[in-house]
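2 protein chains.
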Amino acid sequence: MPKAKYEQLYHILKNKIESGEYPPHELLPSEHMLIAELNCSRNTLRRAVAELVRAGYVQTMQGKGMRNIFEPARQATFTLGTIESFAESAARNHWHGTSKILDFAKVTADDTLAHMTGFAPGTLLYYVWRLHYLNEHPLIMNHSYFRQDVAHGLTREIAEESIYRYLEGELHIHIINSKRVVTVEKATPLDLQYLAMGDCNCLAVVSSQTYNGDGVMFEYTQSRHHPDYFRFQDNAVRRSGSIV
Amino acid sequence: MPKAKYEQLYHILKNKIESGEYPPHELLPSEHMLIAELNCSRNTLRRAVAELVRAGYVQTMQGKGMRNIFEPARQATFTLGTIESFAESAARNHWHGTSKILDFAKVTADDTLAHMTGFAPGTLLYYVWRLHYLNEHPLIMNHSYFRQDVAHGLTREIAEESIYRYLEGELHIHIINSKRVVTVEKATPLDLQYLAMGDCNCLAVVSSQTYNGDGVMFEYTQSRHHPDYFRFQDNAVRRSGSIV
DNA sequence: GTATCAAACTTGTTTAAACAAGTTATCTTC
DNA sequence: GAAGATAACTTGTTTAAACAAGTTTGATAC
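Chains as they are written, first to last, in my numbering: chain A, 2 to 245; chain B, 2 to 245.
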């Protein structure tokens, strides 16, 4: 449960939109009415609305109002490839997700690795090679590198369970920010061997750099996804000629 | 040039970060100092900073300050697949981009098309089939559908030039919002015929629904990208257990 | 009836103030 | 010197007010 008031308002409005309490493609009540209904200031309401805009739920129009542009996902939505961990995604969709560690090692970043990951050369790292299964099908292969000084004490046994539960629960690391790049790459022999690709010879690759609460990048992960089960959603807002 | 003050501040700070005036991985001046330097209120500054956070330039840390986490793109960055039009992307990167219309037609959305695009069945549409070249190489194939009542008067000749220039310049349509989904699909015979795929048999597909200033979806485009030249960037911010 | 203007809406931007909460440095106390 | 309290920072949240700007409604004049 979020403690900030604007986050609570965000979820209240989001739920009313998703449940259809606010009719699709119609205008929501005006700011004035929502303020009275939700008992908040205009600024706080507007902050909640700004997040709804960002998430693609409503669109505001100066002088007119805000329109509900939410549409329920049309297909059974596989929303992998987000900042959610695999365990979280699986739980949210009531899937049976399991993982297998293929390798766990301590490495030092050489120039090649440093260039690929963004860590400084010489950085001491944990390397974790994981395979994620969904309903017994191998769908995602992850190559992860964690800074040893941040993810202190990480072991193969912990990685078997959930790395993020250890980082957040035990080490109290706050994961704040994640820069991600999605590309499509030719499948390697390793991909073909482990991912049951069928006759596809390419896969979706999500490279992410993750920062902790101190602003230091502590994780680089290259996530190689079976193309049939990869789906990446985004909502872009354009205003006054500039793209955000 | 953005007229809003917070957008000006955003660009001022963004430029200082990109140019290295603020040292990488160091703290920026505090809000207090930036307010004095930029001659603005705290709220306006914080709005600019919030956009820098979203764009992945800085990371704020309560009690500590804001850290510059910008890193210049390491490889010569092909950043296609954004909300930018192909013409805009090409111009920004000083590339020679050309387009070819393969088909232009007026169609009516049947149930299948309606299901795929999100338009209501029976909607009158323009269909535009385009091929985009970068330095003479065919890289992107677009299947676009525009509502006839919104993109009124669109012709094949206009599409040869720039559709968005017509929509924004002539019809004064404000493009506000674009919902996008990235997937990886098996290449069709059409893809192989037009896109010079080499030995790849998959490609990146960006499906987008674009809304105008009235909140009506007026465009659906399926953009099929040559895998070697597809790159999609994103920055995710996670806070207090919820993902935004 | 029609056109025009004005009033009453709507959202967008900016400033100000106060308090909450997390971090760092300093000073005190032992 | 070490520990702990305190003061002085930092960013985070909330409220209030005023004005700007776009849209709709309705009254007025013709």
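Glycine included, C-beta positions come from ideal geometry on N, C-alpha and C.
Buried or exposed (CB count within 10 angstroms, at least 16 for buried), residue i
| i | result |
| --- | --- |
| P102/A | It is Ile, not Pro, that sits at residue 102/A in the sequence shown. Label assigned to I102/A: exposed. |
| E27/B | exposed |
| E220/A | buried |
| R166/B | exposed |
| R232/B | buried |
| G178/A | Sequence inspection shows Asn at residue 178/A; the Gly mentioned does not correspond to that position. Looking at its Cβ environment, which holds 16 or more other Cβ atoms inside 10 Å, N178/A is buried. |
| H1/B | Because chain B here runs from 2 to 245, residue 1/B falls outside it and cannot be looked at. |
| G1/A | Within the shown structure, residues of chain A are numbered from 2 to 245, placing residue 1/A beyond reach of any answer. |
| D112/A | exposed |
| N213/A | buried |
| D192/B | buried |
| A188/B | buried |
| M34/B | exposed |
Given residue i as reference, the closest of the options once Cα atoms are compared
| i | options | result |
| --- | --- | --- |
| V207/A | V217/A, Y221/A, V183/A, Y195/A | V183/A |
| Y23/B | L168/B, E158/B, I70/B | I70/B |
| L172/A | T222/A, R232/A, N178/A, H153/A | H153/A |
| R157/B | K15/B, L132/B, A106/B | A106/B |
| E161/A | V129/A, P30/A, H33/A | V129/A |
| Y58/B | H33/B, K15/B, L39/B | K15/B |
| S163/A | I36/A, T124/A, S100/A, I141/A | S100/A |
| N202/A | L196/B, Q210/B, N213/B, V185/B | V185/B |
| R131/A | H226/A, K4/A, H12/A, L35/A | H226/A |
| G119/B | E52/B, A188/B, L193/B, Q223/B | Q223/B |
| Q234/B | E169/B, R181/B, S20/B | R181/B |
| D1/B | M117/B, E72/B, D112/B, I159/B | With chain B represented from 2 up to 245, any question about residue 1/B goes unanswered, as that position is not in the structure. |
| N236/B | S209/B, G199/B, A56/B | A56/B |
| T209/B | D192/B, I176/B, L193/B | A quick correction: the sequence has Ser, not Thr, at residue 209/B. Comparing Cα-Cα distances from S209/B to each of D192/B, I176/B, L193/B, the minimum goes to I176/B. |
| E137/B | W96/B, L10/B, I13/B, L35/B | W96/B |
| E38/B | A188/B, K187/B, I13/B | I13/B |
| S20/A | E72/A, D150/A, G170/A, G98/A | E72/A |
| G199/B | T211/B, Y230/B, K65/B | Y230/B |
Proximity test, Cβ basis, 8 Å: residue i and chain B
| i | result |
| --- | --- |
| N16/A | no |
| E32/A | no |
| A77/A | Bear in mind that a pLDDT of 40 at A77/A, under 50, signals an unreliable position, so the number given afterwards is only what the model happens to contain. Closer than 8 Å: no. |
| D215/A | yes |
| Q60/A | yes |
| V108/A | no |
| I70/A | yes |
| C41/A | no |
Assumed close pair residue i, residue j - CB separation to whole angstroms, cut-off 8 Å
| i | j | result |
| --- | --- | --- |
| Y127/A | F147/A | 5 Å |
| A205/A | P190/A | Contact doesn't hold; Cβ gap of about 18 Å is too wide. |
| L29/A | M67/A | 5 Å |
| Q63/B | V54/B | At roughly 13 Å, the Cβ-Cβ gap does not stay under 8 Å, so Q63/B and V54/B are not in contact. |
| R43/B | E52/B | Contact flag wrong, Cβ pair sits at about 15 Å. |
C-beta neighbour in chain A for residue i, strict 8 Å
| i | result |
| --- | --- |
| Y165/B | no |
| G219/B | The identity of residue 219/B in the sequence shown is Phe, whereas the question assumes Gly. No, because no Cβ of chain A sits closer than 8 Å to the Cβ of F219/B. |
| T189/B | no |
| V183/B | yes |
| I177/B | yes |
| E22/B | no |
| V151/B | no |
| Y134/B | no |
| A197/B | no |
| N143/B | no |
| Y212/B | yes |
| L204/B | yes |
Own chain, CB closer than 8 Å to residue i, minus 5 neighbours either side, in chain order
| i | result |
| --- | --- |
| A121/A | A110, A115 |
| A77/A | Its pLDDT being 40, under 50, A77/A is placed unreliably in this model, and the coordinates cannot settle the point. |
| I36/A | S42, R43, L46 |
| A197/A | H138, P139, H227 |
| K17/B | Y23 |
Cutoff 7 Å; reference residue i; Cβ partners in own chain excluding five residues on either side
| i | result |
| --- | --- |
| Y7/A | T45, R48, A49 |
| Y195/A | L132, P139, M142 |
| A5/B | none |
| G123/B | T109, A110 |
| Q9/B | P3 |
| I84/A | Here I84/A scores only 44 on pLDDT, less than 50, and its place in the model is too uncertain to base an answer on. |
Sequence-distant residues of its chain with Cβ nearer than 6 Å to residue i (five each side left out)
| i | result |
| --- | --- |
| I174/A | L168, N213 |
| M117/A | none |
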